[in-house]
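FYI, the numbering for the sequence shown is 0 to 344, going by this note's numbering. Yeah, the Cβ is synthetic: ideal placement off N, Cα and C, and Gly gets one too.
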Amino acid sequence: MSALPAARPDARPDDRPGARSGVRPEARSGGRPDARPDARPSVRPDGRIRCGACGTPPTAARGYRRAARTAALLALALLLAGGAATGCGGRATTHHKPGTSHEQASGNVGTLLTTGDSAGHKLREVPSQGAPEVQLALRPDSEDGWNLQLSVKNFRFTPDSTGGAALPGGGHAHLELDGRKIARLYGPWFHLSAAQVPDGTHTLTVRLYADDHTVWAVSGKPVEGTAQLTAPAPDSSGGHSHGEVPPQPPTPGQSHAQADRTVTIDVRDGKVSPAPARTELRRGERVALRVTSDRADTLHVHGYDKELALPAGQEATLILTADRTGLFEVETHESSLVLTQLLVR
Numbered sequence: 000m001s002a003l004p005a006a007r008p009d010a011r012p013d014d015r016p017g018a019r020s021g022v023r024p025e026a027r028s029g030g031r032p033d034a035r036p037d038a039r040p041s042v043r044p045d046g047r048i049r050c051g052a053c054g055t056p057p058t059a060a061r062g063y064r065r066a067a068r069t070a071a072l073l074a075l076a077l078l079l080a081g082g083a084a085t086g087c088g089g090r091a092t093t094h095h096k097p098g099t100s101h102e103q104a105s106g107n108v109g110t111l112l113t114t115g116d117s118a119g120h121k122l123r124e125v126p127s128q129g130a131p132e133v134q135l136a137l138r139p140d141s142e143d144g145w146n147l148q149l150s151v152k153n154f155r156f157t158p159d160s161t162g163g164a165a166l167p168g169g170g171h172a173h174l175e176l177d178g179r180k181i182a183r184l185y186g187p188w189f190h191l192s193a194a195q196v197p198d199g200t201h202t203l204t205v206r207l208y209a210d211d212h213t214v215w216a217v218s219g220k221p222v223e224g225t226a227q228l229t230a231p232a233p234d235s236s237g238g239h240s241h242g243e244v245p246p247q248p249p250t251p252g253q254s255h256a257q258a259d260r261t262v263t264i265d266v267r268d269g270k271v272s273p274a275p276a277r278t279e280l281r282r283g284e285r286v287a288l289r290v291t292s293d294r295a296d297t298l299h300v301h302g303y304d305k306e307l308a309l310p311a312g313q314e315a316t317l318i319l320t321a322d323r324t325g326l327f328e329v330e331t332h333e334s335s336l337v338l339t340q341l342l343v344r
């Protein structure tokens, strides 16, 4: 009986006698017929297992893959966060955050009092020294109504930051006729149409507000200026008059005939119908906002600083040219309801 040949000390396991018997090559290579025998994991003299192809320990390779996945997820999260911060249209809306009131979005300037104006806006008390001041002057316009001038001191108009935190000496003004608000002012000049003033003697009041819609106040009193206005009776001879001229109801469709898009909104019992959504526009398009409210209110388009009086139970239409890109909120002042958002691309 012949002796078996002695195994070489450096021989691979599959080179030893009997190693090939009954075993298919693909079974020895992990099930892949095309796998290279030298690409299989090997046991090093120190007992560690390494990849036959690259020499990397399996645990280290898994660690590299986990690190790569973590880095990819982190990059995606940063990208999404950056997109949320800038908004869909570039410049974010200037309104306060959803779920907060105007006053809750304010800064720490002065002292917020419990008393407020007729619309419920809180008074923001500041020291008399360096406090905002305003005076009101008016003169008849040669064509219609009156031109109003606001002379302010220690105050500047800041339409771009309306809805943000209260900043010292900044904000806007409200114009009231006999205690009824008729306009929000973002500058020192305003044209008051004769159609807005009934005949007789009236009191005009301008009051200064901070960006968060709180009222600037000194010694518990709002910072405001007043002026008397006398509107003559309508001229029965048919000549020009500064008295009241009843507006004529427009022909159906006439007020928004030149608009590219029309958005119809109904406000009833504190609810907006249809539910507030985004209205997408291309830059340069004209949009008609047709709003009917069951209570008297004021519509305001943030970013464009356009306003529209909403008589109770009557449809009112505001036509706006979307010449600025961004996301702009349309809301009511008194009820603080969001009606829609204009997304201009």
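Fill in: Integer-rounded CB distance, given that Phe156 should sit under 8 Å from Gly186
So it is a contact: roughly 5 Å between Cβ atoms.
Worksheet item: Under the DSSP definition of a beta bridge, which residues are partnered with Arg138?
Response: Looking at the DSSP output, Arg138 shares a beta bridge with Asn146.
Discussion item. For a test of the three-state rule: what should DSSP assign to Gln340, helix, strand or coil?
Written reply: Gln340: strand per DSSP, three-state reduction.
Item to complete: Report the rounded CA-to-CA distance for Gly129 versus Phe154, giving the unit in angstroms.
Response: So the alpha carbons of these two residues sit roughly 9 Å apart.
Worksheet item: When the distance is taken between beta carbons, is Arg285 closer than 8 Å to Gly302?
Response: Here Gly302 is not near Arg285, since their CB atoms are 8 Å or more apart.
Discussion item. Could you pull the DSSP bridge partners for Ser272 from this structure?
Written reply: Note: Ser272 sits in a beta bridge opposite Asp265.
Item to complete: Identify, in the order they occur along the chain, each residue of the same chain with its Cβ nearer than 6 Å to the Cβ of Arg277, setting aside the five sequence neighbours on each side.
Response: So the list reads Gln340, Leu342, once near-sequence residues are dropped.
Fill in: Gln195 - DSSP class collapsed to helix/strand/coil
Annotated three-state conformation of Gln195 is helix, per DSSP.
Worksheet item: Should the stretch 160 to 170 be called in touch with the stretch 191 to 203, which here means at least 3 C-beta pairs below 8 Å?
Response: Here the stretch 160 to 170 does not lie against the stretch 191 to 203, with fewer than 3 beta-carbon pairs under 8 Å apart.
Worksheet item: Taking the Cβ atom as the reference point for each residue, do Leu184 and Leu203 lie within a distance shorter than 8 Å?
Response: Not closer than 8 Å, so no.
Worksheet item: DSSP state of Leu73, grouped into three classes?
Response: Helix at Leu73.
Practice prompt. My understanding is that Glu317 touches Leu338, with C-beta atoms under 8 Å, so please give their C-beta distance in whole angstroms.
Written response: Checking the sequence, you will find Leu at residue 317 rather than Glu. With a contact defined as Cβ atoms closer than 8 Å, Leu317 and Leu338 miss out at about 11 Å.
Worksheet item: With 16 as the cutoff for other CB atoms within 10 Å, does Phe327 come out buried or exposed?
Response: Buried.
Practice prompt. Tell me where the beta strand (DSSP E) around Ala216 begins and ends.
Written response: Ala216 -> beta strand (DSSP E) spans 214 to 217.
Discussion item. Just to confirm, is the Cβ distance from Glu306 to Ala182 under 8 Å?
Written reply: Cβ distance < 8 Å, so Glu306 and Ala182 count as in contact.
Worksheet entry | Run of the beta strand (DSSP E) containing Arg282, from where it starts to where it stops | That residue, Arg282, is in no beta strand (DSSP E); it is neither H nor E in DSSP.
Worksheet entry | Buried/exposed call for Thr200, threshold 16 Cβ in 10 Å | With fewer than 16 other beta carbons inside 10 angstroms of its own, Thr200 counts as exposed.
Discussion item. Can you look up Asp159 in the DSSP assignment and give me helix, strand or coil?
Written reply: Note: Asp159 maps to helix in three-state DSSP.
Worksheet item: Taking the Cβ atom as the reference point for each residue, do Ala209 and Arg294 lie within a distance shorter than 8 Å?
Response: Contact: no.
Item to complete: Report the three-state DSSP secondary structure of Glu223 (helix, strand or coil).
Response: Strand at Glu223.
Worksheet entry | Top-ranked residue by Cα proximity to Gly168, from Val196, Pro139, Asp143, Glu132 | Per the Cα distances, Glu132.
Worksheet item: Between Thr261 and Arg281, what straight-line distance do the alpha-carbon atoms span, to the nearest angstrom?
Response: Approximately 14 Å between the Cα atoms of the pair.
Worksheet item: For Pro346, which option in Thr229, Val329, Pro231, Leu309 has the closest C-alpha, if you only look at C-alpha atoms?
Response: In the structure as shown, the chain begins at 0 and stops at 344. Residue 346 is therefore absent and cannot be evaluated.
Worksheet item: Across which residues does DSSP place Asp296 in a beta bridge pair?
Response: Note: Asp296 sits in a beta bridge opposite Leu309.
Worksheet entry | Per-residue burial, Pro273 [other beta carbons within 10 Å of its own, 16 or more giving buried] | Under this definition Pro273 is an exposed residue.
Practice prompt. Just the C-alpha distance for Gly219 and Pro310, rounded to the nearest angstrom, thanks.
Written response: Each residue's Cα considered, the two are about 32 Å apart.
Worksheet item: For Ala118, which of helix, strand or coil comes out of DSSP?
Response: In the structure shown, Ala118 sits in coil (DSSP, three-state: anything other than H, G, I, E or B).
Worksheet item: Quick one: what does DSSP say Arg65 is sitting in, helix, strand or coil?
Response: Three-state result, Arg65: helix.
Worksheet entry | Nonlocal neighbours in the same chain, by C-beta distance under 7 Å from Asp265, ignoring five residues either side | For Asp265, where only same-chain residues beyond five positions count, the Cβ hits under 7 Å are Ser272, Thr291.
Practice prompt. Give the range of the beta strand (DSSP E) segment to which Ala172 is assigned.
Written response: Note, Ala172: beta strand (DSSP E), 169 to 176.
Worksheet item: In chain order, what residues of the same chain have a beta carbon less than 7 Å from the beta carbon of Ser335, not counting five sequence neighbours either side?
Response: Correct list: empty, nothing qualifies.
Worksheet item: If you draw a straight line from the C-alpha of Leu111 to the C-alpha of Trp215, how long is it?
Response: Leu111 and Trp215 have their C-alpha atoms spaced approximately 10 Å apart.
Worksheet entry | Whole-angstrom C-beta distance between Thr213 and His299, which should lie under 8 Å | The Cβ separation is near 17 Å, so there is no contact.
Worksheet entry | Collapsed DSSP secondary structure at Val133 in the structure displayed | Here Val133 sits in strand by DSSP.
Discussion item. Measuring alpha carbon to alpha carbon, tell me which residue in Thr263, Val108, Pro158, Leu149 is nearest Ala226.
Written reply: Nearest option by C-alpha distance: Leu149.
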